[in-house]
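The listed protein sequences correspond, in order, to chains F and H.
All the letters of the first sequence, read from the start, carry residue numbers 1 to 279 under UniProt numbering.
All the letters of the second sequence, read from the start, carry residue numbers 1 to 336 under UniProt numbering.
Beneath this line is the structure, given in structure tokens, with notes to follow.
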Amino acid sequence: MIYIVTAFHAEAKALIEHFGLKKLYEPSKFQIFSGNDIILIESKEGIVKSSIATTFALTKFGAADKDIALNIGICGARENTFSKGDVILCNKIINHYSKRAFYPDILIKHSMKEASIESFMHPVKKDSLPLEIEGDIVDMEGAGFFEAASIFLPLHNVHCIKIVYDFLDFEKINPVEIENLIKQSIPHIESLINSLLKLNFEFCNNTPEIDNIPLLVNKLKNSLHLTTYMTNELESLLKDYIIRHKKLPDSIFEFFEVQINSKKEVKNYFDKLRKILLS
Amino acid sequence: MTSSEKSFLAKHFSHVYVEKEVLSHPVTIKILENLRSSQIVKIDNYKEVFCRAGQNYSLQEKSKKLILAKKYREFLYPGPSICHNFGYDNFFYTSNILNCIYSCDYCFLKGMYSSANIVVFVNIENYFKEIDAILKNQSLYLSVSYETDLLALEKIVPFSSAWIEYAASKQNLTIEIRTKSANFKALEKLKPQDNVILAWTLSPQEIIEKFEHGTPSLSSRLSAIKKAIENGWKVRLCFDPILATEGWKTIYEKFLNQVFGELNREKIVDISVGVFRIPKDYLKRMKKAFANEITAFLYEELENVYTYPKELKEDMIATMISRLEDFLPSYKIFVV
Chain F
1 MIYIVTAFHA EAKALIEHFG LKKLYEPSKF QIFSGNDIIL IESKEGIVKS SIATTFALTK
61 FGAADKDIAL NIGICGAREN TFSKGDVILC NKIINHYSKR AFYPDILIKH SMKEASIESF
121 MHPVKKDSLP LEIEGDIVDM EGAGFFEAAS IFLPLHNVHC IKIVYDFLDF EKINPVEIEN
181 LIKQSIPHIE SLINSLLKLN FEFCNNTPEI DNIPLLVNKL KNSLHLTTYM TNELESLLKD
241 YIIRHKKLPD SIFEFFEVQI NSKKEVKNYF DKLRKILLS
Chain H
1 MTSSEKSFLA KHFSHVYVEK EVLSHPVTIK ILENLRSSQI VKIDNYKEVF CRAGQNYSLQ
61 EKSKKLILAK KYREFLYPGP SICHNFGYDN FFYTSNILNC IYSCDYCFLK GMYSSANIVV
121 FVNIENYFKE IDAILKNQSL YLSVSYETDL LALEKIVPFS SAWIEYAASK QNLTIEIRTK
181 SANFKALEKL KPQDNVILAW TLSPQEIIEK FEHGTPSLSS RLSAIKKAIE NGWKVRLCFD
241 PILATEGWKT IYEKFLNQVF GELNREKIVD ISVGVFRIPK DYLKRMKKAF ANEITAFLYE
301 ELENVYTYPK ELKEDMIATM ISRLEDFLPS YKIFVV
């Protein structure tokens, strides 16, 4: 699953259209769109709201290790080394208030510029720019999104993509202009998504036998009434056995149909199973 | 790695994370000159990047990043009991680089750190200062390439030559630079020093292909050793770790014949031999990140160290020693 978090509908609109997403009409505090293994959630403005929306989406739809989370939106650039419409992959994300910095793992090639971003609670203007600012670009969501998403997902799967909208001298934002800028950035975003999918698919895949382990372990846990400790040990033993022998032990299937009547029997069966797996 | 894999992965050191405090350090400047196309990200402390939660070690190995930092306090550590002191009394090791550019399945670093990225402590002058103070009162045997392969990184971080130049003026210091690199060329212009031992870890080609990813072939390592010997360097050979893979007896027999068929045995200072062994906690962590023949083996535990079952271990050591004694006197063979 790919999770996309935007602040406003103007930032989401082009993505919704491009990826063919449909609005979810389940009761929720957020506008959520889904389709083609993508969930898009609109968080509204601010570090806290972005963090809440990210947590909500990743929890509600059950984030797994190979899932990807992206925060996509507009930002302001401090320097004129950037141009309006520049698509930026953030390599450092700073929460201006907590001073905490977050670093995505950028393991793949991409076609974007890179910069550090600093997130604020309020819109930042050039004439009120704090002296101690470190980010090359500023926004109001990145740090909240990243801190939340990185609790659920590995760091190489969490990224902030920002499109330069202004140079901190704006008066009013124009939703149509934002929509167009996001639309223009889609090829970069799509290419990043494809590379991340490839990375996760090619390098995080186990053998088919190892992929089946959770299912097997669950079956054995139920039939043998295993404790949590035993279940964890069984999972590790099974994995090692398959690596050593390139297959499951033939006798393992006998344990699926066992009738357990006492704790003593649980222990005996588990010891028997362990002996087989330690060969 | 195939070319299609390379095409979408960022190259090693595509990003260099630099502590703000060392941005203007001469070593930092030199390193960054060698990595002009890399993205530089300023950080406050290397642990922000190196010790983050949520890193995927095995994926990071495909695109390692460099972290430049300043080391404080402890610069030297006593040599661990599972390593050999080669008869030297004051055996210490030092780590001004953490982690290695190579990716060997059996490497203890995979259980030691949560990140595959490489940390370089650029303030090498502080290491030298600390050693200067120690050398006033005692001699020192120092392993300087303990948690990395210094020579393999020499093109980017010229620390092997820095250590050799430092050791040249120190009478009571002996340093060992252990490597799998074939990059002897990087040291060719330096004058060989009596108190510097270049130690090459050698493995059969079959083992290199299966377990030592990204390392030079046996034949290129042997060529580098030959040149080092010709140039007058003291060379140690390390057959460590010997791995109990299928057919290990035949594999290692053929390997020893090749090594001593090519090298002048009389010019070898000594040899270390040891079977695979690893602290218990490290193996536990390695198992979480990697599933392979090394992590899945049925080891025996002895004093918090996992190694091969006693009988197998004895057989491996005895086999190696008996063959090695055909080539070298036993006083030159150190068994761990």
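C-beta: ideal position from N, C-alpha, C; glycine also.
Beta-bridge partners of H213(H) (DSSP): S103(H).
Counting only residues of its own chain and dropping the five nearest sequence neighbours on each side, F167(F) has a CB closer than 6 angstroms to the CB of A77. At a cut-off of 8 angstroms between beta-carbon atoms, E79(F) makes no contact with chain H. Put simply, of N95(F), H159(F), A148(F), F8(F) the residue whose alpha carbon is nearest the alpha carbon of I133(F) is N95(F). Look at L216(F): its C-beta is not under 8 angstroms from any C-beta on chain H. Considering only V217(F), S83(F), A148(F), R274(F), the residue with the shortest C-alpha distance to F56(F) is A148(F). In the assembly as shown, D89(H) is an exposed residue. Its beta-carbon has fewer than 16 other beta-carbons within 10 Å. Annotated three-state conformation of F8(F) is coil, per DSSP. Residues of the region 106–117 of chain F with a Cβ closer than 9 angstroms to any Cβ of chain H, in chain order: I106, L107, I108, K109, H110, E114, S116. When rounded, the separation of the alpha-carbon atoms in V16(H) and I43(H) is 10 angstroms. At a cut-off of 8 angstroms between C-beta atoms, S150(F) counts as an interface residue with respect to chain H. Cβ-Cβ separation between Y46(H) and A10(H): approximately 20 angstroms, too far for a contact (criterion under 8 angstroms).
When DSSP assignments are scanned along the region 143–218 of chain F, the uninterrupted stretches of alpha helix (DSSP H) that are 4 or more residues long and fall wholly within it turn out to be 175–203, 208–211. For A101(F), a Cβ of chain H is located within less than 8 angstroms of the residue's own Cβ.
The Cβ atoms of R277(H) and Y306(H) lie closer than 8 angstroms to each other. Within chain H, no C-beta atom comes less than 9 angstroms from the C-beta of D169(F); the nearest is roughly 26 angstroms away. Annotated as proximal: K64(H) and N117(H), with beta-carbon spacing under 8 angstroms.
The three-state secondary structure of N91(F), taken from DSSP, is strand.
By the neighbour-count definition (other C-beta atoms within 10 Å, threshold 16), L23(H) is an exposed residue.
For P26(H), the enclosing alpha helix (DSSP H) begins and ends at 26–34.
When only Cα atoms are considered, G73(F) and C90(F) end up about 12 angstroms apart.
In terms of CA proximity to M140(F), V5(F) leads the group V5(F), I276(F), D65(F).
Taking C-beta atoms as the reference points, V122(H) and H25(H) count as a pair closer than 8 angstroms. Secondary structure note for Y306(H): its beta strand (DSSP E) is the uninterrupted segment 305–307. Of the other Cβ atoms in all chains shown, 16 or more fall within 10 Å of the Cβ of F255(H); this residue is therefore buried. Residues of chain F whose Cβ lies closer than 9 angstroms to the Cβ of L68(H) do not exist, since the nearest Cβ in that chain is about 14 angstroms away. Counting only runs of at least 4 residues, the UniProt domain "Nucleoside phosphorylase" (2–100) of chain F fully encloses the following alpha helix (DSSP H) elements, listed from N- to C-terminal order: 9–19, 47–60. The Cβ atoms of A53(F) and I41(F) lie closer than 8 angstroms to each other. At least 8 angstroms separates the beta-carbon of C238(H) from that of R285(H). One alpha carbon belongs to E130(H), the other to Y141(H), and they sit about 14 angstroms apart.
Considering only beta carbons, the part of the region 238–254 of chain F lying closer than 9 angstroms to chain H consists of K239, D240, Y241, I242, I243, R244, in chain order. For the 8 angstroms CB-CB criterion, V259(H) and V235(H) do not form a contact.
Pairing I31(H) with V120(H) gives a Cβ-Cβ distance under 8 angstroms. DSSP, reduced to helix, strand and coil, places L23(H) outside both helices and strands of the structure shown, so it counts as coil.
Look at A199(H) here: in three-state DSSP terms it is strand. With three or more CB-CB distances shorter than 8 angstroms, the region 147–166 of chain H counts as touching the region 188–197 of chain H.
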